[in-house]
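Visitor:
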Amino acid sequence: MTAQATPRHRVSTTTARMRELVDAVADASVWSMDPAEAGATLVELTRLAAQVAELQARVAAHADTIRVGADVGASSAANWLAHTTKTTRAAAYGAVRLGHDLEAHAMTREALAAGDIDVERARVVIRWVDRIPADLGAETLAKAEAHLLAEGRHHDAKALGRLGRRLWEVIAPDEADAHEADILQRQEAAALRACSLTMVDDGDGKTCGRFVLPTYHAAALKKILMALAAPKHVAATQGPGIERRPGPEALGRALCELIERYPVDRLPQTGGVNATVVVVIDEDSLMGRLEKAGILDTGDQISPGMARRLACEAGIIPAVLGSASVPLDLGRRSRYHTEHQRIAMFLRDRGCRAEGCDRTAGLHAHHETRWTDGGHTNLHDGASLCAWHHTLIHDATYQTTYLPTGKIRFHRRT
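The sequence shown begins at 1 in full-length UniProt numbering and counts up one residue at a time.
Set out below in structure tokens:
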């Protein structure tokens, strides 16, 4: 045990004694405990951990108040604690913050100190009580805190959080429904702001990612994936006798099926073309006479087998090289490029033609010779540009130069 230098305060001496008592059983075997004693001891240890956490939080808040660590240049007691004990700063700051919160919530501190609730439930009580407007009065706040603490003795932190949302049914029943609706509306707005999706290609045929979705959309997505991963659906689409896969793998396969089967007529258009993937494949490879990798319009490669399968899917546009194609030269008969012209143009250019631009999605078809100046609607006279550079190329303050490499250089006129 690490000795504490001349402890004098009751809390200090008690802490030292607790360390000594725990040290005394550090090597004690527990194999001889019967189920009843093991269970009862585990419950008591859980309560003891809550009591120790309260004591730690109380001392941490005091240490913060008297600026422990200032003598060695620490910016705060939490930073000093993290550095000294090698705990994370988040944990150290959490202890200090909990101590200050408990100073303002005496009933919650007493319940934690008695081991009646744990730290998670204590934080839930504090969070929901603090959301009540202070102008409702101390008596109302105390009533709310007492109610949540009573519920906390019978529910875990997650269930207690749900009860906290309906706290107004206890303190102001007539306003409860309106208040809950307001909470839900704010939560949904915050969830939409936090909505995100990140995907990273690992360079080995897989893409990893993570997402944050609002509760409704996550629930809807889960239902869709569960339906696609259901054994009856798997047996119907893949035949009986399919080995049942683990949950995460089944949901991952279901997501792939959802992506492949999403109706293309429901997709928005970008640059006049549905946001569908184009698979470039040689006719010989498509017919199975040659095994050659297929190429997506994103530049990624896929196996010949995958390319042949995707070429049969309704949501995939196969661009077969060496086979009969649709007319791609409309001359002066039409001002706007057709969908097939745009696809062919995007495949040729593989992204925005502007020099230094790496955008590959949402491209526009641009006439190199303006339509009003006699330009033709064909591939030779067309160029793929992102929305930004398509706007810029029609800006008279910029001069454009078509380079031998096929790129387009922009230069502001002086």
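Even for Gly, the Cβ is constructed at its ideal location relative to N, Cα and C.
Keep in mind it's a predicted model, so treat the numbers as computed, not measured.
1) Starting from C386, follow the beta strand (DSSP E) in both directions and report where the run begins and ends.
2) Can you name, in chain order, every residue of its own chain whose Cβ lies under 7 Å from the Cβ of D201, other than the five neighbours on each side?
3) Quick one: using the 10 Å Cβ neighbour count with 16 as the cut-off for buried, is S384 buried or exposed?
4) Short of 7 Å in beta carbon distance, which residues of its chain neighbour H390, apart from the five on each side in sequence? Order them along the chain.
5) With DSSP collapsed to three states, give me the class of S12.
6) Determine contact between the stretch 96-116 and the stretch 142-152, defined as no fewer than three beta-carbon pairs at a distance below 8 Å.
7) For my contact list, E355 and K407 are in at a C-beta cut-off of 8 Å; report their separation, rounded to the angstrom.
8) DSSP has C208 in a bridge; who is on the other side?
9) When DSSP builds the beta bridges, which residues end up paired with Y398?
10) For D118, which of A181, W168, L48 has the nearest alpha-carbon?
11) According to DSSP, simplified to helix, strand and coil, what is A189?
12) Would you say A50 and G115 are within 8 Å of each other, going by their C-beta atoms?
13) Evaluate V124 with the Cβ neighbour count: other Cβ atoms within 10 Å of its Cβ, from every protein chain shown; 16 or more gives buried, anything less gives exposed.
14) Could you tell me if D23 is buried or exposed, where buried requires 16 or more neighbouring beta carbons within 10 angstroms of its beta carbon?
15) Along the chain, where does the alpha helix (DSSP H) containing A38 start, and where does it finish?
16) Alpha carbon to alpha carbon, what distance is there between H394 and T400?
17) Enumerate in chain order the residues of its own chain whose CB-to-CB distance from K222 is below 7 Å, with the five nearest sequence positions on each side excluded.
18) Have a look at A28 and H9 and give me their C-alpha separation to the nearest angstrom.
19) Just the C-alpha distance for C195 and P173, rounded to the nearest angstrom, thanks.
20) From this set, T15, D156, S75, which residue's C-alpha is nearest A122's C-alpha?
21) Nearest CA to the CA of D101: which residue from T84, V59, S75?
22) State the DSSP-derived secondary structure class of A104, mapped to helix, strand or coil.
23) What residue range is occupied by the uninterrupted alpha helix (DSSP H) comprising H147?
24) Can you give me the Cβ contacts of A254 inside the same chain, cut-off strictly under 6 Å, excluding the 5 residues immediately before and after it?
25) Does C256 pass the burial test, meaning 16 or more other C-beta atoms within 10 Å, or should it be called exposed?
26) Suppose contacts are defined by Cβ-Cβ distances below 8 Å. Is L141 in contact with V129 by that definition?
27) Taking all protein chains shown into account, decide if residue 415 is buried (16 or more other Cβ within 10 angstroms of its Cβ) or exposed.
28) Shortest alpha-carbon distance to Q341 belongs to which of R350, D358, G382, A361?
29) Let's see if you can read the secondary structure: which residues bound the alpha helix (DSSP H) around H83?
30) By the three-class DSSP mapping on this structure, what secondary structure does H217 have?
31) Could you tell me which of V52, G247, R412 sits nearest to A16, measuring between CA atoms?
32) Considering only DSSP beta bridges, list what A365 is partnered with.
33) Using the beta-carbon count (16 or more within 10 Å), is R353 buried or exposed?
34) Cutting at 7 Å between CB atoms, please list the residues of its own chain near M197, excluding the five before and the five after it.
35) Does DSSP put A354 in a helix, in a strand, or in coil?
36) Decide if I259 is buried, meaning its Cβ has at least 16 other Cβ atoms within 10 Å, or exposed.
Guide: In terms of the structure at hand:
1) Element bounds for C386: n/a, residue is neither H nor E.
2) T207
3) buried
4) H364, H366
5) helix
6) yes
7) 4 Å
8) V200
9) R412
10) L48
11) helix
12) yes
13) buried
14) exposed
15) 35-65
16) 10 Å
17) none
18) 30 Å
19) 33 Å
20) D156
21) V59
22) coil
23) 138-152
24) L225, L228, A229
25) exposed
26) yes
27) Residue 415 lies beyond the residue range present for the chain, which begins at 1 and ends at 414; the question has no answer from this structure.
28) G382
29) 77-85
30) helix
31) V52
32) S384
33) buried
34) Correcting the residue identity first, residue 197 is Leu in this sequence and not Met. G209, F211.
35) strand
36) exposed
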